[in-house]
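Trainee: Using UniProt numbering, the first residue of the sequence shown is number 1, and each one after it goes up by one.
Built from N, CA and C at the ideal position, the CB exists for glycine as well.
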Amino acid sequence: MKHLIDKLYETHNLEEDEFIYLLENYDKEAGDYLYSLARTCSQVHYEKEVYIRGLIEFTNYCKNDCYYCGIRKSNKNASRYRLSKDEILSCCESGYELGFRTFVLQGGEDPAFTDEAVVDIVKTIREGYPDCAITLSIGEKTYDQYLKYYEAGANRYLLRHETADEEHYSLLHPGSLSLENRKECLRNLKKIGYQVGTGFMVGSPYQTPKCLAEDLAFIKELSPQMVGIGPFIPHKDTPFASFPAGSVDLTLFLIGILRLMLPNALLPSTTALGTLDPKGREKGILSGANVLMPNLSPIGVRKKYELYDNKICTGEEAAECNVCLRNRVASVGYHVVEKRGDFKE
Ligand code: 5AD
Ligand code: FES
């Protein structure tokens, strides 16, 4: 086991069967060894700094019907909302006060936000906050659409590939979505010049170690600037309601692997990790993560953006989470910094 982790540390990659072996056989000792190398690696590039991103969940309308997701279009129990441009801007304003220098506009694939609307919002934020990064996370679009948003001032884009295995992809999504198109979107985003984030859920229904090895190979090939992973958590109003949640330990182990594969990547310790384990986000940082993405959305809509059950921080104001997170980060010997936190080449 140790020799595979050493090989990963030195060469930043492994063969598929080696990844599968690691994922099927890792134990506490292997984990501890991996995490100590992962911390060394993240500290070489980012010291003990943790970047924060202010997440603005501006619409929970979605035209897609992903089987795992709580805001899928068929979920009649979801109470739908859209933030107005003014509401989005006031999230930025309070976020800036709290020290955020990156805003992430995330939403379902909502046709009501036309390209003109998105461009208008991005331009306004760009003008108001020239020192901030703007990240979009609004799903699959065409090359031309991505280009328009980029020209309006967006810098980064998050689009998880969810799984790099064709068959697994079709078990998680209805036929209207394809892995091929998802990959094409990611390639287009890179081509345009965005800092790109992809990622996947750990322990999603029907996932096998081979699927995870394929995820790692795809990520290596794409070479994104950011990779977000979190455990799958069932949502009661979805077809996957009765599947078990993914494993926190396996998620942490994969964060460690990703840190060794992509030494200078931006790796978030996700809210899903914090939802399954009260110390999940701290453990993520100790496994090699260096980003946190707290919520800036107005408290009144927080609960409505429930992709999975029991999501944390839906009752806390942004200011409360901000203090809470800084303390959590400090408790493991790291510190939150008020910087854009761009990818370091
Ligand atoms: N459990 C965990 N993560 C989920 N996501 C969507 N639904 C769930 C769920 N039930 C993740 C997807 C998506 C991101 C925004 O949230 O990976 O890309
Ligand atoms: Fe939201 Fe702790 S981060 S309450």
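1) Buried or exposed: where does A112 fall if 16 or more other Cβ atoms within 10 Å of its Cβ makes it buried?
2) Which residues end up in the neighbourhood of the ligand 5AD when you take C-beta atoms closer than 6 Å to any of its heavy atoms?
3) Is P231 buried or exposed, if buried means 16 or more other CB atoms sit within 10 Å of its CB?
4) Considering only heavy atoms of the ligand FES and the C-beta of each residue, which residues fall inside 7 Å, strictly closer?
5) Tell me, which residues are paired with T102 by DSSP?
6) Check H3 in the structure and name its three-state DSSP category.
7) So which of Y68, K7, K28 has the shortest CA-CA distance to D309?
8) Spatial neighbours of Y61 within its chain, please: CB distance less than 6 Å, with the 5 preceding and 5 following residues excluded, ordered by chain position.
9) First and last residue of the alpha helix (DSSP H) that includes Q43?
10) Kindly indicate which three-state DSSP category E156 falls into: helix, strand or coil?
11) In three-state terms, what does DSSP make of I71?
12) Find out if the Cβ-Cβ distance for the pair D237, N64 is shorter than 8 Å.
13) From residue 347 to P294, what does the alpha carbon distance come to, in whole angstroms?
Mentor: Put simply:
1) The residue you call residue 112 lines up with position 112 of the sequence shown. Burial call: exposed.
2) Y68, C69, R160, E162, M201, G230, F232, I233, H235, A272, L307, Y308
3) For the purposes of this step, residue 231 is taken as residue 231 along the sequence shown, with counting starting at 1. Buried is the call here.
4) P294, I312, C313, E316, E320, C321, C324, L325, R328
5) Taking the first residue of the sequence shown as position 1, residue 102 is located at position 102. Its beta-bridge partners are A133.
6) By one-based count along the sequence shown, residue 3 stands at place 3. Helix at H3.
7) What you label residue 309 is simply residue 309 of the sequence shown in a count that begins at 1. D309 has its Cα closest to that of Y68, out of Y68, K7, K28.
8) By one-based count along the sequence shown, residue 61 stands at place 61. The residues are R80, G108, D110.
9) Within the sequence shown, residue 43 is the residue found at index 43, counting from 1. Counting along the chain, the alpha helix (DSSP H) containing Q43 begins and ends at 28-46.
10) On the sequence shown, residue 156 is found 156 positions in, with the first residue counted as 1. Before going further, note that residue 156 is Arg rather than Glu in the sequence given. The answer is strand: DSSP assigns R156 an E or B state.
11) One-based indexing of the sequence shown puts residue 71 at position 71. Coil at I71, not helix or strand.
12) For the purposes of this step, residue 237 is identified with residue 237 of the sequence shown, where counting begins at 1. For the purposes of this step, residue 64 is identified with residue 64 of the sequence shown, where counting begins at 1. Their beta carbons are not under 8 Å apart, which means D237 does not touch N64 by this criterion.
13) The structure shown does not extend to residue 347, since the chain spans only 1 to 345, so no value can be given for it.
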